[in-house]
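At position 56 of the sequence shown (counting the first as 1) the number is 55 in numbering that gives the first Met the number 0, and the numbers step up by one without a gap.
Glycine included, C-beta positions come from ideal geometry on N, C-alpha and C.
These figures come from a predicted structure and were not determined experimentally.
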Amino acid sequence: MNARLSLDRWVKTLTLGCIVGLLYYFCIAAWRTPPGGHSFRSHYTDRVSFHHPVPALRLSTQQARMELAKVVESQLTAFRMEDYPRAYTYAGSRFQNECPLPVFEAMVKKSYPVIASSRAAQYGVILDNGEEGVVNVGILDSTGRIHHYQYFLKWERTAWKINGVKEARFEGTII
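In C-alpha coordinates, the structure reads:
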(Lines of atoms letter the chains of each structure in order from A and count residues from 1; the text may use other names and numbers.)
(Lines give C-alpha, C1' and ligand atoms only; values in the text may rest on other atoms or scores of the structure.)
Protein backbone atom coordinates (compact mmCIF):
# COMPACT_ATOMS: atom_id res chain seq x y z
CA MET A 1 0.00 0.00 0.00
CA ASN A 2 2.79 2.43 0.91
CA ALA A 3 4.65 1.72 -2.37
CA ARG A 4 1.44 2.42 -4.34
CA LEU A 5 0.98 5.83 -2.66
CA SER A 6 4.61 6.67 -3.36
CA LEU A 7 4.20 5.78 -7.07
CA ASP A 8 0.98 7.83 -7.35
CA ARG A 9 2.66 10.80 -5.72
CA TRP A 10 5.66 10.51 -8.06
CA VAL A 11 3.40 10.37 -11.17
CA LYS A 12 1.38 13.39 -9.99
CA THR A 13 4.55 15.38 -9.28
CA LEU A 14 6.02 14.51 -12.68
CA THR A 15 2.78 15.41 -14.48
CA LEU A 16 2.48 18.70 -12.63
CA GLY A 17 6.12 19.51 -13.43
CA CYS A 18 5.54 18.87 -17.14
CA ILE A 19 2.42 21.05 -17.16
CA VAL A 20 4.22 23.90 -15.41
CA GLY A 21 7.17 23.58 -17.81
CA LEU A 22 4.93 23.70 -20.89
CA LEU A 23 2.98 26.64 -19.49
CA TYR A 24 6.23 28.50 -18.85
CA TYR A 25 7.48 27.74 -22.36
CA PHE A 26 4.30 28.97 -24.06
CA CYS A 27 4.11 32.10 -21.91
CA ILE A 28 7.68 33.04 -22.82
CA ALA A 29 7.03 32.32 -26.52
CA ALA A 30 3.88 34.44 -26.49
CA TRP A 31 5.52 37.43 -24.81
CA ARG A 32 8.91 37.45 -26.51
CA THR A 33 9.83 40.57 -28.44
CA PRO A 34 12.07 40.91 -31.45
CA PRO A 35 15.64 42.17 -30.93
CA GLY A 36 15.59 45.85 -30.11
CA GLY A 37 12.27 45.69 -28.25
CA HIS A 38 11.32 48.94 -26.58
CA SER A 39 9.15 50.55 -23.98
CA PHE A 40 5.80 50.03 -25.61
CA ARG A 41 6.72 47.61 -28.35
CA SER A 42 5.66 44.56 -26.31
CA HIS A 43 2.07 45.43 -27.14
CA TYR A 44 2.81 45.08 -30.82
CA THR A 45 4.29 41.67 -31.35
CA ASP A 46 1.58 40.85 -33.87
CA ARG A 47 3.15 37.62 -34.95
CA VAL A 48 4.98 35.03 -32.94
CA SER A 49 5.63 32.11 -35.19
CA PHE A 50 7.85 29.10 -34.81
CA HIS A 51 7.31 28.04 -38.43
CA HIS A 52 7.78 31.34 -40.27
CA PRO A 53 10.57 33.40 -38.71
CA VAL A 54 10.68 37.08 -39.59
CA PRO A 55 13.36 37.73 -42.23
CA ALA A 56 16.42 39.63 -41.03
CA LEU A 57 16.42 43.39 -41.39
CA ARG A 58 18.73 44.88 -44.01
CA LEU A 59 19.58 48.36 -45.23
CA SER A 60 16.50 49.80 -46.89
CA THR A 61 16.35 50.64 -50.57
CA GLN A 62 16.03 54.34 -51.37
CA GLN A 63 12.28 53.93 -52.00
CA ALA A 64 11.66 52.06 -48.73
CA ARG A 65 13.85 54.54 -46.88
CA MET A 66 11.74 57.43 -48.18
CA GLU A 67 8.45 55.65 -47.32
CA LEU A 68 9.53 54.77 -43.78
CA ALA A 69 10.99 58.22 -43.05
CA LYS A 70 7.85 59.88 -44.44
CA VAL A 71 5.64 58.05 -41.92
CA VAL A 72 7.83 59.11 -39.00
CA GLU A 73 8.15 62.68 -40.29
CA SER A 74 4.38 62.92 -40.84
CA GLN A 75 3.71 61.89 -37.25
CA LEU A 76 6.35 64.30 -35.91
CA THR A 77 4.81 67.12 -37.97
CA ALA A 78 1.39 66.32 -36.53
CA PHE A 79 2.85 66.43 -33.01
CA ARG A 80 4.47 69.82 -33.73
CA MET A 81 1.06 71.13 -34.79
CA GLU A 82 -0.50 69.49 -31.70
CA ASP A 83 -2.73 67.52 -34.06
CA TYR A 84 -2.89 64.33 -31.99
CA PRO A 85 -5.81 62.80 -33.95
CA ARG A 86 -3.69 62.95 -37.12
CA ALA A 87 -0.57 61.69 -35.30
CA TYR A 88 -2.66 58.79 -34.00
CA THR A 89 -3.46 57.67 -37.57
CA TYR A 90 0.21 56.73 -38.04
CA ALA A 91 0.11 54.31 -35.10
CA GLY A 92 -0.32 50.59 -35.74
CA SER A 93 -3.83 49.14 -35.71
CA ARG A 94 -3.13 46.87 -32.75
CA PHE A 95 -1.92 49.84 -30.72
CA GLN A 96 -5.01 51.84 -31.70
CA ASN A 97 -7.22 48.95 -30.59
CA GLU A 98 -5.53 48.85 -27.18
CA CYS A 99 -4.92 52.56 -26.59
CA PRO A 100 -7.62 55.19 -27.18
CA LEU A 101 -6.66 58.63 -28.51
CA PRO A 102 -6.82 60.50 -25.15
CA VAL A 103 -4.48 57.92 -23.58
CA PHE A 104 -2.15 58.15 -26.60
CA GLU A 105 -1.97 61.94 -26.30
CA ALA A 106 -1.29 61.82 -22.55
CA MET A 107 1.36 59.10 -23.01
CA VAL A 108 3.22 61.06 -25.70
CA LYS A 109 3.17 64.30 -23.70
CA LYS A 110 4.31 62.61 -20.47
CA SER A 111 6.69 59.87 -21.66
CA TYR A 112 7.99 61.39 -24.91
CA PRO A 113 8.11 65.19 -24.40
CA VAL A 114 11.01 65.56 -26.86
CA ILE A 115 8.94 63.90 -29.58
CA ALA A 116 5.81 65.85 -28.63
CA SER A 117 7.55 69.19 -29.08
CA SER A 118 10.42 68.51 -31.49
CA ARG A 119 11.81 71.26 -33.72
CA ALA A 120 13.32 69.06 -36.43
CA ALA A 121 14.42 65.52 -37.22
CA GLN A 122 17.34 64.01 -39.07
CA TYR A 123 17.24 60.42 -40.29
CA GLY A 124 20.06 57.95 -39.90
CA VAL A 125 20.26 54.27 -40.76
CA ILE A 126 16.94 52.78 -41.88
CA LEU A 127 16.47 49.01 -41.99
CA ASP A 128 13.59 46.84 -43.18
CA ASN A 129 12.64 43.41 -44.46
CA GLY A 130 9.45 44.31 -46.30
CA GLU A 131 7.32 43.51 -43.24
CA GLU A 132 9.03 45.41 -40.43
CA GLY A 133 11.29 48.43 -40.33
CA VAL A 134 13.51 50.36 -37.95
CA VAL A 135 14.12 54.07 -38.45
CA ASN A 136 16.93 55.75 -36.52
CA VAL A 137 16.11 59.41 -35.93
CA GLY A 138 17.94 62.31 -34.33
CA ILE A 139 15.31 64.66 -32.92
CA LEU A 140 16.11 68.28 -32.09
CA ASP A 141 14.36 69.43 -28.93
CA SER A 142 13.26 72.95 -28.03
CA THR A 143 16.63 73.71 -26.36
CA GLY A 144 18.68 72.68 -29.40
CA ARG A 145 19.78 69.32 -27.98
CA ILE A 146 19.60 66.21 -30.19
CA HIS A 147 17.99 63.03 -28.85
CA HIS A 148 18.25 59.73 -30.69
CA TYR A 149 15.27 57.42 -31.11
CA GLN A 150 14.46 54.22 -32.93
CA TYR A 151 11.03 53.95 -34.49
CA PHE A 152 9.68 50.45 -35.11
CA LEU A 153 7.27 50.12 -38.02
CA LYS A 154 5.20 47.33 -39.48
CA TRP A 155 3.62 47.01 -42.91
CA GLU A 156 -0.17 46.84 -42.53
CA ARG A 157 -2.11 46.03 -45.70
CA THR A 158 -1.37 49.23 -47.65
CA ALA A 159 0.89 51.38 -45.47
CA TRP A 160 3.67 51.42 -42.92
CA LYS A 161 2.46 52.01 -39.35
CA ILE A 162 4.42 52.90 -36.22
CA ASN A 163 4.43 50.11 -33.66
CA GLY A 164 6.70 51.68 -31.10
CA VAL A 165 9.49 54.05 -30.21
CA LYS A 166 12.57 53.63 -28.05
CA GLU A 167 15.13 56.21 -27.04
CA ALA A 168 18.52 55.04 -28.31
CA ARG A 169 21.34 55.26 -25.81
CA PHE A 170 24.80 55.40 -27.30
CA GLU A 171 27.80 54.32 -25.29
CA GLY A 172 31.44 54.14 -26.11
CA THR A 173 34.46 56.28 -26.76
CA ILE A 174 34.75 58.78 -29.57
CA ILE A 175 38.20 58.82 -31.12
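Using the rule of at least 16 other Cβ atoms within 10 Å of the residue's Cβ for burial, across every protein chain shown, is residue i buried or exposed?
i	result
ALA127	Checking the sequence shown, residue 127 turns out to be Asp, not Ala. By the 10 Å Cβ count, ASP127 comes out buried.
GLU97	exposed
LEU6	exposed
SER141	exposed
Where residue i and residue j are concerned, what is the direct C-alpha to C-alpha distance, given to the nearest angstrom?
i	j	result
GLU170	ILE125	20 Å
GLU166	ARG8	52 Å
GLU155	GLN62	17 Å
GLY91	ALA119	23 Å
MET80	VAL70	16 Å
ARG168	THR157	32 Å
PRO101	LYS11	50 Å
TYR89	GLY143	26 Å
LYS109	SER117	14 Å
HIS146	THR60	25 Å
Can you give the beta carbon distance from residue i to residue j, rounded, assuming they're within the 8 Å contact cut?
i	j	result
ILE161	GLN74	6 Å
GLY132	GLN121	With 8 Å as the limit, GLY132 and GLN121 do not qualify as a contact, their Cβ atoms being about 17 Å apart.
ALA77	ARG85	4 Å
LEU67	VAL134	5 Å
Take residue i and list the residues in its own chain whose beta-carbon comes closer than 8 Å to its own, dropping the five residues that flank it on each side.
i	result
LEU58	VAL124, ILE125 and LEU126
LEU130	The question names Leu, but residue 130 is Glu in the sequence shown. So the list reads VAL53, PRO54, LYS153 and TRP154, once near-sequence residues are dropped.
TRP159	GLU66, LEU67, VAL70, GLY132, LEU152 and LYS153
Sort out for me which residues DSSP pairs residue i with in a bridge.
i	result
ASP127	ARG57 and GLY132
GLU166	TYR148
LYS153	GLU131 and LYS160
ALA119	LEU139
ALA105	BP columns for ALA105 are empty, so no partner.
ALA68	DSSP lists no partner for ALA68.
ALA90	ILE161
For residue i, I'd like the list of residues in its chain whose CB is within less than 6 Å of its CB, leaving aside the five on either flank, ordered along the chain.
i	result
VAL107	ALA115
TYR87	LEU100 and PHE103
Leaving out the 5 sequence neighbours to the left and right, which residues in its chain are closer than 7 Å to residue i when beta-carbon positions are compared?
i	result
GLU104	TYR83
GLU72	ALA120
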